[in-house]
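Just below is one structure, and these are the notes that go with it.
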Amino acid sequence: MAGRYTDDVLAGDWRRRRVTPEVDAEIDLVVEDADSGFCGAVVGFESGAVVLADRHGRRRNFPLLPAAFLLDGRPVTLRRPARAAVPAARRRTASGSIAVDDVRARVAKASRIWVEGVHDAALVERIWGDDLRVEGVVVEQLDGIDALDTQVRDFAPGPGRRLGVLVDHLVTGSKESRIVARVASPHVLVTGHPYVDVWQAVRPVALGIPAWPVVPPGQPWKEGVCAALGVAEPADMWRHILSRVTSFADVETPLINAMERLIDFVTASAGDAED
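Counting with the working numbering, you get residues 207 to 481 for the letters of the sequence shown.
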């Protein structure tokens, strides 16, 4: 028997050899293509390839190669299920995008979205929180924007470190528009809505009122609103406002457009930024 086997079949540290797991590519499974970094949910198959769709609805086909995908950050080999998967009813997030179930929040990216204050941050979280966690984007609140140009300079934006800023009352001739004009960087996008305060970006119908009260010039806006609506404290009014917001349908279109632009900007790849 000597010489029958030229190699010792037990040689090497065989216990540490890793086997890439095979995973059924079920509809709505969220994976990342290991080569391109494209992340999306399985929506079907074409010509032997799996079709992935990202949060913007963009679709790409990828061959089912060994260890070609990442699931929760770990390499996997996707395989077509033995039987055709029946798509489940699509759940949507508060922002209106297709919900991605059973996926962990991504590690935070270097890019950020800044908002003016705590109320802005709470409203953004209520509507876009699910989307931002999937994308790995952190929202940070400022204490106003008077020093915005200095704060942007300290942030040191760059191709892989983009910055989006949401500003209240961003209209021609306003103090806010003059502050924003001092910020100039291809890696920074400042956008906003025309409302005096983010409260006003919530649709009156969601609160059961015909319109937001008109506050005379020179009077603090929030206090004026509370007085007109018979609410003693602004904090109580804000809790009521936030409790009535359940989806993007409860806020005005300018806020929706501004936030969608910011999310697209800070999640764009370097290649997209150069196009």
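Built from N, CA and C at the ideal position, the CB exists for glycine as well.
Please work out which residues of its chain come closer than 8 Å, Cβ to Cβ, to Val389, disregarding the five sequence neighbours upstream and downstream, and give them in chain order. Leu354, Asp355, Val358, Val371 and Val396
In whole angstroms, what is the alpha-carbon distance linking Pro460 and Gly366? 27 Å
CB-CB under 8 Å to Gln347, same chain, minus the five flanking residues each way: which ones, in chain order? Trp320, Val321, Glu322, Gly323, Val324, Asp326 and Ala327
Span of the alpha helix (DSSP H) holding Glu429? Trp427 to Leu435
Limits of the beta strand (DSSP E) - the one that Gly250 falls within: Cys245 to Glu252
Just curious, the beta strand (DSSP E) that Glu232 is in, first and last residue? No beta strand (DSSP E) contains Glu232, which DSSP labels as neither H nor E.
For a quick check, are the C-beta atoms of Gly246 and Ala259 less than 7 Å apart? yes
Using the three-state DSSP reduction, which class does Ala259 fall into: helix, strand or coil? strand
Pro426 and Ser391 look like a contact to me (Cβ under 8 Å); what is the Cβ gap, rounded to whole Å? Wrong, their Cβ atoms sit about 33 Å apart, outside the cutoff.
Are the beta-carbon atoms of Pro423 and Cys432 separated by less than 7 Å? no
Would DSSP call Ile319 helix, strand or coil? strand
Is there contact here, the stretch 373 to 388 with the stretch 468 to 475, by at least three beta-carbon pairs under 8 Å? no
How should Ile447 be labelled, buried or exposed, when 16 other C-beta atoms within 10 angstroms of its C-beta is the threshold for buried? buried
According to DSSP, simplified to helix, strand and coil, what is Val344? strand
Do Val373 and Gly398 count as a contact pair if the criterion is CB distance below 7 Å? yes
Euclidean distance between Cα positions of Val236 and Ala407: 33 Å
Glu458 - DSSP class collapsed to helix/strand/coil: coil
With a threshold of 7 Å on Cβ separation, who are the neighbours of Ala434 within its own chain once the five nearest residues in sequence on each side are excluded? Pro419
Sequence-distant residues of the same chain with beta carbon closer than 6 Å to Met443, five excluded per side: Cys432 and Val437
What is the DSSP secondary structure of Pro410, reduced to helix, strand or coil? helix
For Ile233 and Val256, believed in contact at Cβ under 8 Å, the rounded distance: About 11 Å; that fails the 8 Å criterion.
For Asp337, count the other beta carbons within 10 Å of its own beta carbon; 16 or more makes it buried, fewer makes it exposed. Which is it? buried
In chain order, what residues of the same chain have a beta carbon less than 6 Å from the beta carbon of Arg318, not counting five sequence neighbours either side? Val344, Glu346 and Leu369
Please return the same chain residues whose Cβ sits closer than 8 Å to the Cβ of Glu429, not counting the five positions on each side in sequence. Pro440
Given that a residue counts as buried once 16 or more other Cβ atoms are within 10 Å of its Cβ, and exposed if not, what is Ile351? buried
Please name the residue, chosen from Val394, Val402, Val451 and Ala316, that lies closest to Ala412 on a Cα-to-Cα basis. Val451
In chain order, what residues of the same chain lie with their CB nearer than 8 Å to the CB of Ala240, ignoring the 5 residues before and after it? Ala273, Ala274, Phe275, Leu276 and Pro281
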